[in-house]
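For the sequence shown, the residue numbers in full-length UniProt numbering are 1 to 472.
All C-beta atoms, glycine included, are put in the ideal place defined by N, C-alpha and C.
First the structure, in the form of structure tokens, and then the observations on it.
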Amino acid sequence: MTSILGDFAAAVARLPDRVAIVDGAGKETTFKQLKDRADGFARAWQARGIGQGDRVLLAMKLDADLYASLAALWSLGATVVLPEPAMGLAGLRHAARVTNVSAFCSSGLYGLLKFALPELWSLRHLRPQVRDGSPLDLPAPKDADIALISFTSGTSGAPKAIPRSHGFLSAQHHAIAPLLHSKAPERDLVAFPVFVLINIASGQTSVLPNWKMSRLADLGAGQLEQWIIRQDVSRALLPPSLCEKLAKVTPTAPIHTVFTGGGPVFPDLISQLKSAKPDLRIVCVYGSTEAEPIAHLNADEVTSDDYASMKSDKGLLVGYPVDDLQVRIVESEIQVAGAHVNSGYLDPNHDAENKIHDGAVVWHRTGDAGYFDDQGRLWLLGRVGSEVYVDGEPVFPFSVEVAARGWDGVKRCALSAKGDKPCLVIEGDKRHLVEWRQKAAELSILSVKIVSKIPMDKRHASKVDRKALKKI
Numbered sequence: 001m002t003s004i005l006g007d008f009a010a011a012v013a014r015l016p017d018r019v020a021i022v023d024g025a026g027k028e029t030t031f032k033q034l035k036d037r038a039d040g041f042a043r044a045w046q047a048r049g050i051g052q053g054d055r056v057l058l059a060m061k062l063d064a065d066l067y068a069s070l071a072a073l074w075s076l077g078a079t080v081v082l083p084e085p086a087m088g089l090a091g092l093r094h095a096a097r098v099t100n101v102s103a104f105c106s107s108g109l110y111g112l113l114k115f116a117l118p119e120l121w122s123l124r125h126l127r128p129q130v131r132d133g134s135p136l137d138l139p140a141p142k143d144a145d146i147a148l149i150s151f152t153s154g155t156s157g158a159p160k161a162i163p164r165s166h167g168f169l170s171a172q173h174h175a176i177a178p179l180l181h182s183k184a185p186e187r188d189l190v191a192f193p194v195f196v197l198i199n200i201a202s203g204q205t206s207v208l209p210n211w212k213m214s215r216l217a218d219l220g221a222g223q224l225e226q227w228i229i230r231q232d233v234s235r236a237l238l239p240p241s242l243c244e245k246l247a248k249v250t251p252t253a254p255i256h257t258v259f260t261g262g263g264p265v266f267p268d269l270i271s272q273l274k275s276a277k278p279d280l281r282i283v284c285v286y287g288s289t290e291a292e293p294i295a296h297l298n299a300d301e302v303t304s305d306d307y308a309s310m311k312s313d314k315g316l317l318v319g320y321p322v323d324d325l326q327v328r329i330v331e332s333e334i335q336v337a338g339a340h341v342n343s344g345y346l347d348p349n350h351d352a353e354n355k356i357h358d359g360a361v362v363w364h365r366t367g368d369a370g371y372f373d374d375q376g377r378l379w380l381l382g383r384v385g386s387e388v389y390v391d392g393e394p395v396f397p398f399s400v401e402v403a404a405r406g407w408d409g410v411k412r413c414a415l416s417a418k419g420d421k422p423c424l425v426i427e428g429d430k431r432h433l434v435e436w437r438q439k440a441a442e443l444s445i446l447s448v449k450i451v452s453k454i455p456m457d458k459r460h461a462s463k464v465d466r467k468a469l470k471k472i
């Protein structure tokens, strides 16, 4: 199996002068420049003793040097540790404690953390410095070598460390690449780091956000539109929260395709995007931190019957499973296995909750409830354990939420429980309360509560934070 590094080198050979990355300041870096910078970093860091077996904690600005650093460290045989950005300093300290890192790599003001955080004091400190010299003769990474350690979002407890081997990253590339394939050169606005890696390996241009992902609420549709037009963006890879802002961008923006995931993509969002730009191609990608992608759906293939089913109580359609992935439903839970499914956590004690060993196959329990329809397409019902009970029967959130999001005046909603009674929590125009209560009763939900804001996840602001919702 080829590696991300091998595919990157091939892209450089094919397209040395094509722009690989445009950072948030508008600085362009070509594929050859990115490779030269990665090689320069590798020479400098090899001189600092970085090599096979080192685990290097990264805290860097979101720019080309971040991705050059990944390539440099991987070429040296090191493992990169990426903290959960939504957790801020707490996430970085957690990553340093649980992964046994031996070095800290930083850029800009992040370097000050080396002196501020006790967990980093004893570590070698790497900066993005280029060292000239002849090309390094380094062995290619093995499939089983750990390339990356990242973390779950931590919404259901302390973030779990997820090791990703070079073989895993390559399998993920080859699972995602067909979805992103284009014969023409594209300029992709990318909000997901993993998709930047896929583009680097595929030879496509990635335009990085010019806003902070940790402050999505501060991003206005106008700023998003200006960045898209200024960078001549042809495709966007964004979470649903940013697609809501994209729907307010004028139809003259150059985007022709949107890939969205990282949270449920509800039919009302697809309608908003299509209303703003009728010829827009929309591809919804379903996956999880441990298995990305699982399924995909071209919005143009969703029929009127499908929309009618979603607006009743059938849940959320997410499409056909991707190739080379095994998917099964066990007691309503979606479970997956395959080369691009994480087979275990860094701490084996975490495996018992989410991993099932069936001979040589390791199944990952996604924690999502769902089912297959008679066409072999996957439907989501919500998180296992988030169901409420009506007359003793379980009702999963998406059976109600997908329908309710289509009601007049509803911006967001979430099915919860008030004591032992199901309650539909709605963020929206309270003048529709009487109508909402009538429609909720038709779905056997007899309590409706209005809130000023439904809490969302910190990573992409695209999933309801159910733990915080219970406190409202």
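Straight across, the Cα-Cα distance linking Leu34 with Asp232 is about 21 Å.
By the CB criterion at 8 Å, His364 and Glu290 fall inside the cutoff. Excluding the 5 residues flanking it on each side, Ala161 has same chain C-beta neighbours closer than 7 Å at Val98, Thr99, Ile149, Phe151, Tyr345, Leu346 and Asp347, in chain order. Along the segment 348-411, the alpha helix (DSSP H) occurs as fully enclosed runs of 4 or more residues at 351-354 and 397-404, listed in sequence order.
Following the DSSP letters along the chain, one finds Tyr320 inside the beta strand (DSSP E) bounded by residues Leu316 to Pro321. The C-alpha of Ala147 lies about 24 Å from the C-alpha of Val207.
In this structure Gln46 is buried. Its beta-carbon is surrounded by 16 or more other beta-carbon atoms within 10 angstroms.
Taking 8 Å as the cut-off, the beta carbon of Asp145 is found closer than this to the beta carbon of Gly77. Unbroken beta strand (DSSP E) stretches of 3 residues or longer found wholly inside the segment 83-170: 103-106, 124-126, 146-151 and 161-165, given in chain order. The continuous beta strand (DSSP E) containing Val22 extends over residues Val19 to Val22. By the 16-neighbour rule on beta-carbons within 10 angstroms, Glu301 is exposed.
In this structure, the straight-line span from the alpha carbon of Leu325 to that of His357 is close to 16 Å. Shortest Cα-Cα distance from Arg55 to any of Gly367, Asp65, Arg124 and Pro397 involves Arg124. As far as DSSP is concerned, Ile454 takes part in no beta bridge. Here the C-alpha atom of Leu246 lies approximately 10 Å from the C-alpha atom of Gly220. Residues of the same chain with a CB within less than 8 Å of the CB of Val451, apart from the 5 flanking positions on each side, are Val425, Ile426, Glu427 and Ile472 in chain order. Taking the C-beta atoms as reference points, Phe192 is found no nearer than 8 Å to Leu136. Following the DSSP letters along the chain, one finds Asn199 inside the alpha helix (DSSP H) bounded by residues Pro193 to Ser202.
The criterion of a C-beta distance shorter than 8 Å is satisfied by Tyr320 and Arg377. Classified as buried, Val19 has 16 or more neighbouring CB atoms from the shown chains inside 10 Å of its CB.
Scanning its chain for C-beta atoms nearer than 7 Å, with the 5 sequence neighbours on each side dropped, one finds around Ser165 the residues Asp143, Ala144, Asp145, Ile146 and Ala147, in chain order. Here Asn349 is exposed. Its C-beta has fewer than 16 other C-beta atoms within 10 Å. Under the three-state reduction of DSSP output, His296 falls in the strand class.
For Pro240 against Leu269, the beta-carbon gap comes to about 6 Å, under 8 Å, which counts as contact. Here Gln375 is exposed. Its C-beta has fewer than 16 other C-beta atoms within 10 Å. Val330 counts as exposed, since fewer than 16 other C-beta atoms from the protein chains shown sit within 10 angstroms of its C-beta. One Cα belongs to Leu316, the other to Ala86, and the distance between them is close to 26 Å.
In this structure Ile294 touches Val327 by the C-beta definition: roughly 7 Å separates them, less than 8 Å. By the criterion of a C-beta distance shorter than 7 Å, Ala253 is surrounded in its chain by Glu225, Ile228 and Ile229, once the five residues flanking it on both sides are discounted. Taking each of Pro128, Pro83, Val196 and Gln223 in turn and checking the Cα distance to Pro163, the smallest one comes out for Pro83.
Counting only residues of its own chain and dropping the five nearest sequence neighbours on each side, Ala171 has a CB closer than 6 Å to the CB of Ala339 and His340.
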